[in-house]
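My numbering puts the first residue of the sequence shown at 4, with every later residue one more than the last. Glycine is no exception: its CB is placed at the ideal position from the N, C-alpha and C atoms. Small disclaimer: the values here were computed from a predicted structure and weren't measured. One structure below.
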Amino acid sequence: MENLIRFLVKFSSLLLFLCLEIVAISLIVNQNNYHRSVFLSTSNVVGGNVLSAVDMLTGYFDLRHNNDLLSKENTALKNELLKMSNRMSAYEDTIKDSVYIDADKNYHYIRAKVIGNTVNKFQNYVTLNKGKRDGVKPDMGVVCSEGIVGVVETVSDHFCVVLPLLNPQAKISCRLDSCKNFGSLVWDGVNPMYANLEEIPRHVPVRLNETLSTSGFSSIFPEGIPAGTVVEKELKESDNFYSIKVLLSTDFRRLSYVDIIVFANSAELKGLERSIK
C-alpha cells in the first residue's frame with residue numbers, strides 16, 4: 004500500500020495531466036460531430052491493423068499444425084489411391100489368370116517427418132522420426148509426393164535412417180515407362196539433381212524426355228512410383244549398354260515429409276527368394 008501511495012505521489016503531475024487530456028478529448032469528441040467521426044475512423048483503422056497483425060501472428064504459429072494436418076490427409080489419400088491401384092492390378096490379373104489376390108492389403112504407408120538430411124556428401128543419409136514402435140523395419144521403401152527417396156537401412160524404437168538415392172550404395176530397379184525395359188538407377192556422387200540409369204541394352208529405343216518409374220520387381224517398392232526423366236543418352240559403337248542421365252523427380256534439398264511403404268507379404272517373399280539362392 005505504501006508503495007502505491009509513493010507511486011501516486013511521485014507521478015501525480017503526470018497522472019493529472021493524462022486525466023485532463025482524456026477529459027478534454029472526450030469533451031471534444033462528444034461535442035463535435037466532425038471530431039467524433041475522425042476519432043472513430045482512426046480507432047477503426049488502428050484496431051483493424053492490430054487485429055490483422057494478431058491474425059497474421061497466430062496464423063504463422065498455426066502453420067506447423069496445419070502442415071501436419073495436410074500431411075496426414077495426404078498420406079490417407081495416398082493409401083486410398085494405392086488401394087485402388089492394387090485393386091485394379093488384381094482385377095487385371097484375375098482376367099488374365101483367373102486367380103484373384105486381395106491386393107488391397109498388400110501395401111500401406113506410414114507418414115514420417117524428415118529430421119536429418121544431407122545432400123552434399125558422397126554418402127548421404129536421411130533420418131526420420133518413426134521407428135520400430137511405429138512398425139518400421141529395415142528394407143522398407145521410402146517415397147515423397149514427388150517420387151522415390153530411398154530404402155530404410157537401420158531402425159531404433161523411435162527413429163530410422165534411410166539410405167537415399169543420393170548414396171552410391173543405393174541401387175533402385177526402375178523401368179522406362181514407354182518400353183518397360185528396366186535397369187538400376189544409381190547416383191554418381193556429383194549432382195543431387197541427377198542420377199544414371201544403368202543396364203539398358205543397346206537394342207532398346209531410349210528417347211529423351213521420357214519418364215521412368217519403379218519396376219515393382221522387389222518387395223521394397225510397388226511399380227509405377229515416379230523416378231525421373233531422361234535428359235541425356237549416349238551409346239558408343241563398342242558399348243552394349245546405354246549411358247543414360249536422369250533428372251530425378253525428387254528434390255532431396257527440400258525433403259520435409261515422406262511416406263514409408265509397408266509391404267504386408269514382404270517376409271514371405273524374401274523367405275521364398277532366399278530359399279532358391
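| Check | Outcome |
| --- | --- |
| Local conformation of residue 224 per DSSP, three classes | coil |
| Endpoints, the beta strand (DSSP E) within which residue 205 is located | Careful: residue 205 lies outside any beta strand (DSSP E) and carries neither H nor E. |
| Cut-off 6 angstroms between Cβ atoms - residues of its own chain near residue 214, not counting five sequence neighbours on either side | 180 and 232 |
| Residue span of the beta strand (DSSP E) that contains residue 238, given as start and end | From DSSP, residue 238 is part of no beta strand (DSSP E); its letter is neither H nor E. |
| The segment 108–118 in contact with the segment 191–198 per 3-pair CB rule at 8 angstroms | no |
| Euclidean distance between Cα positions of residue 243 and residue 205 | 5 angstroms |
| Three-way DSSP call (helix, strand, coil) for residue 182 in this model | coil |
| 7 angstroms Cβ cutoff met for residue 153 and residue 131 | no |
| Local conformation of residue 114 per DSSP, three classes | strand |
| Cβ neighbour criterion (16 or more within 10 Å) applied to residue 157 | exposed |
| C-alpha distance - residue 268 paired with residue 171, whole-angstrom precision | 28 angstroms |
| Bounding residues of the beta strand (DSSP E) (the contiguous stretch that carries residue 148) | Run containing residue 148: none; DSSP gives neither H nor E here. |
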